[in-house]
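All letters in the sequence shown, in the order written, are residues 1 to 248 by the UniProt record's numbering.
Notes to accompany the following structure.
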Amino acid sequence: MAGLKIENLYKSFDINGTKVNALTNINLSVEDGSFVTVIGKSGCGKTTLLRIICGLEEQTEGSVSFIYKEGIPSEMHSKKKVGIVFQEPRLMPWLTVKENMAFPLIKNKDRIEVYDTVNKYLNMLGLEKFKEAYPSQISGGMAQRVSLGRTLCYNPEIILMDEPLGALDAFNRRKLQREFINIFLENKKTIIFVTHDVDEAVYLGQKIVVMDKGFIIKEQSVDMDYYRNSSCSKFLQIRDSMLKEFSI
Ligand SMILES: Nc1ncnc2c1ncn2[C@@H]1O[C@H](COP(=O)(O)OP(=O)(O)OP(=O)(O)O)[C@@H](O)[C@H]1O
Ligand SMILES: [Mg+2]
């Protein structure tokens, strides 16, 4: 298990000679086994932050460190630290749903274990009937669920999710929000979950990180047990305070 410490992180891009500051002085601690949601308007740097955490992008300045609980020896530190669910599914079109999900387990020779793991997530994600279908034969929301299943099969210590439910209808969305909570409670994963949806951020996060124009402008802890009632006064109060950050 691992947490994260992000210190003085900056990222700028050069777009045709113009410097764009995607991230400015980001400092963030993510505790081992905690569920953090990140919200902010389009273009505020959410994806860039996740890409730097998982090593797909290099920061301009600053550091990202993995934090282990005291007493866990370094040889126990997993190499499978971070898995990411992208904003778009990125499936392999020549593999079936089942094969896409099993892909991270390609080196696992225990076929029963692979079968059980893939089946567990096929069921959880409502994909059992489509396990033999190819990505071109399923809907966008289903493809996104396959992508999520692939990361869950990989079983990393830290799961980064970049608006994983953006393409889903409201019913599947609420169902999967509950599943994320189940996964979190069962496995005590560290989860960083990006969303545009303030309700979703409050429903899921133990801590909500609010970003704006490349800055973290607020961190809000949510001291409520799961599963949360989204119409109770405490929930609504936190949601309203988040919306105020965006002057809505
Ligand atoms: N590879 C890149 N090259 C140049 N600029 C980039 C690149 N990736 C991101 N940017 C810029 O960095 C800024 C932040 O982009 P990012 O994708 O992180 O935003 P976001 O918060 O994830 O937005 P959205 O909610 O729309 O997904 C934007 O101004 C974007 O143009
Ligand atoms: Mg993004």
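Ideal placement from N, C-alpha and C gives every residue a C-beta, glycine not left out.
Quantities reported herein were computed from a predicted structural model and do not represent experimental measurements.
Hey, which unbroken runs of the beta strand (DSSP E) at 3 residues or more fall wholly within the segment 12 to 94?
-> 18 to 30, 35 to 40, 61 to 67, 82 to 85
Under three-state DSSP, which class holds methionine 142?
-> helix
Is any heavy atom in ligand 1 found nearer than 7 Å to the beta carbon of valine 36?
-> no
Runs of alpha helix (DSSP H) lying entirely within the segment 124 to 208, each at least 4 residues, in chain order | 140 to 154, 170 to 187, 198 to 204
How far does the beta strand (DSSP E) with residue 267 in it reach, from first residue to last?
-> Because the chain spans 1 through 248 in this model, residue 267 falls outside it and cannot be assessed.
Decide if serine 200 is buried, meaning its Cβ has at least 16 other Cβ atoms within 10 Å, or exposed.
-> Correcting the residue identity first, residue 200 is glutamate in this sequence and not serine. Answer is buried; the Cβ neighbour count reaches 16.
CA-CA distance, phenylalanine 246 and leucine 160?
-> 24 Å
Identify every residue that forms a DSSP beta bridge with lysine 244.
-> DSSP, once it has assigned bridges, lists no residue as partnering lysine 244.
Ligand 1 heavy atom lying under 7 Å from the CB of lysine 120 | no
Classify glycine 121 as helix, strand or coil using the three-state DSSP reduction.
-> It is tyrosine, not glycine, that sits at residue 121 in the sequence shown. Helix.
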